[in-house]
Amino acid sequence: MNEITIGFILIGILFALLASGFWVAFTLITVSIAGLMMLGNDNFGLLYTTSTWGAVSDWSLAALPLFIWMGEILFRTRLSKDLFEGLTPWLSRVPGRLLHVNILSCGIFAAVSGSSAATAATIGKMTLPELKRQGYDDKMAIATLAGSGTLGLLIPPSIILIVYGVAAEVSIGRLFMAGALPGLMLVIMFMGYTAYWSSKHGDGIAQQTKQYSWKEKFSSLLRLVPVSVLILFIIGSIYAGLTTPTEAAAFGVLGSLVLALGSGSLSFNSFTESLMGAVKTSCMIIFILAGAAFLTMAMGFIGIPRMLAENIALLNLSPYTLLFLLTIMFVILGCFLDGISVVVLTTSVVLPMVIEAGIDPLWFGIYIVLVVEMSQITPPVGFNLFVIQSLTGRDILFVAKAALPFFFLLVAAVFIVTVFPEIVTWLPNSMSKG
């Protein structure tokens, strides 16, 4: 059988297993074994051990469980309450008022958790009941949370950027720098849309009853100091070249433990729960990465990446046409897989085409994360939608419809960074020159 025939058979096996609910990691391993057997190669046991050991023993991956643990610790502290009470006085006169708390809180928490699901769950548990109690439009409250929750994938330290950096052999520190400006751009776009919506739908905004003095506003900022210091230290130390992402993650864990202890939230139970939560999530991700590494090796033996790259080159597609087709593919995949699975499943196959088309792998990492963000709020398997559904008890279609405007804002963000790639590349390039 030639590469095309084997490729179609493997795609059929892949989607059949995924549709049956088979674990993603086991699916990748099964598809790899099937491909090697079609070639008559029965040394898949040896190939599996050699390929996966190289993938999961990469020192860069040490940052992954540490950042996850940091997010788990902060998830169990008073951080969310402090964020709400610290931001509320400053948003009292902004169109949309407390709806912006969802956006800013998600942006701040994303910078210390690195997880989209943790961001949406943590902020949603605190803000949604309060917004409903004060009479804000339920649909818009859900929409701002669903859209802003995706910031956990982009704003550094991002777990999915670490995964992409390892899979694509791109500097994780440079990826963190590249994600900063697009993340800030998304926060501004989300706040701009919310302000516009609020100006058109005044009946969906609670009337301001309390006036805050300047003294109250500045005193409220004290609640944001601990987490702000932690964020600035982690990101600043990486940008300044003082620490590696792994070292910064270790300091982040230490800092989050100090915050939890200082807030009185750290107990033996919360410590063990955070540790076990980090272990479970890290093991899941590492297992998927191991399966993806095995699949990459199997695809190399079959010759599918080389064949695809050569055929793409023969088609003479422009970079924009290639990106348009890849966007459609990633959104479709994101309807069935979580973001990390999409990245590890496609990177080995897609990256040769991207490089062949002359697209910067650093820029492509931010692009793929933006597209995966879109998939987090598209049914039927938008992870943020399920998180918010569990918080609100609302129907999944109601949540998805509410989040639709923010989906289009993410589409616009993809378009903007494609037309103006300097938004992604300027900061890492300028820091490396400096």
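Numbering-wise (the numbering used here), the sequence shown opens with residue 1232 and increments by one. Quick reminder that beta carbons are idealized off the backbone N, C-alpha and C, glycines included.
When 1588, 1604 and 1420 are compared, the shortest CA-CA separation from residue 1572 is found for 1604. The beta-carbon distance between residue 1637 and residue 1608, rounded to whole angstroms, is 6 Å. This is short enough to meet the 8 Å contact definition. Around the Cβ of residue 1650, a 10 Å sphere holds fewer than 16 other Cβ atoms; the residue is exposed.
If you ignore the 5 residues before and after residue 1483, its C-beta comes within less than 6 Å of the C-beta of 1301 and 1465, all in its own chain and listed in chain order.
Going by C-alpha positions, residue 1628 is about 43 Å away from residue 1233. In the three-state DSSP reduction, residue 1399 falls in the helix class (H, G or I). Inter-segment contact for the stretch 1234-1246 and the stretch 1507-1525 is absent: fewer than three beta-carbon pairs are separated by less than 8 Å. One Cα belongs to residue 1621, the other to residue 1425, and the distance between them is close to 24 Å. Under the three-pair Cβ rule at 8 Å, the stretch 1455-1465 does not count as touching the stretch 1280-1293. Judged by DSSP secondary structure, residue 1237 falls within the alpha helix (DSSP H) whose first and last residues are 1234-1250.
Taking all protein chains shown into account, residue 1457 has 16 or more neighbouring C-beta atoms within 10 Å of its C-beta and is therefore buried. Restricting attention to 1247, 1414 and 1295, the CA atom closest to the CA of residue 1641 is found in 1414. In this structure residue 1600 does not touch residue 1403 by the C-beta definition: roughly 13 Å separates them, more than the 8 Å allowed. For the 7 Å CB-CB criterion, residue 1562 and residue 1606 form a contact.
The shortest C-alpha to C-alpha distance from residue 1337 to any of 1381, 1373 and 1324 is the one to 1381.
By the 16-neighbour rule on beta-carbons within 10 angstroms, residue 1594 is buried.
By a beta-carbon distance limit of 8 Å, residue 1634 does not contact residue 1352. Their separation comes to about 15 Å. Boundaries of the alpha helix (DSSP H) around residue 1468: 1456-1470. In the structure shown, residue 1509 adopts helical secondary structure according to DSSP, grouped into three states. Taking C-beta separations shorter than 6 Å and ignoring five residues to either side along the sequence, the partners of residue 1406 in its chain run 1392, 1396 and 1596, following chain order. Between the beta-carbon of residue 1602 and that of residue 1398 there is about 16 Å, and that puts the pair past the 8 Å contact cut. Distances from the alpha-carbon of residue 1522 to those of 1247, 1249, 1258 and 1559 put 1258 closest. Annotation: the continuous alpha helix (DSSP H) that includes residue 1300 extends over 1294-1306. Per DSSP, reduced to three states, the secondary structure at residue 1500 is helical. When the five nearest sequence neighbours on each side are left out, the beta carbons in the same chain lying within less than 8 Å of the beta carbon of residue 1432 are those of 1368 and 1371, in order along the chain. The shortest CA-to-CA distance from residue 1583 to any of 1619, 1530 and 1617 is the one to 1530. Of the candidates 1491, 1330 and 1477, 1330 places its Cα closest to the Cα of residue 1364. Per DSSP, reduced to three states, the secondary structure at residue 1432 is coil, with no helix or strand assignment.
When the Cα atoms are used, residue 1328 and residue 1288 turn out to be separated by approximately 47 Å. Per the C-alpha coordinates, the member of 1332, 1479, 1588 and 1255 positioned closest to residue 1520 is 1255.
DSSP, read as helix, strand or coil, puts residue 1652 in coil. For the set 1587, 1485, 1532 and 1318, the Cα lying nearest the Cα of residue 1238 is the one of 1532.
Sequence-distant partners of residue 1409 (beyond 5 residues in either direction) whose C-beta falls short of 8 Å from its own C-beta, in its chain, are 1593, 1594, 1596, 1597, 1655, 1656, 1658 and 1659. CA-CA distance, residue 1416 to residue 1277, rounds to 47 Å.
Beyond the five residues adjoining it in sequence on each side, residue 1479 comes within less than 6 Å, by CB distance, of 1465, 1468 and 1469 in the same chain, given in chain order. Assignment of residue 1253 by DSSP, reduced to helix, strand and coil, places it in the coil class.
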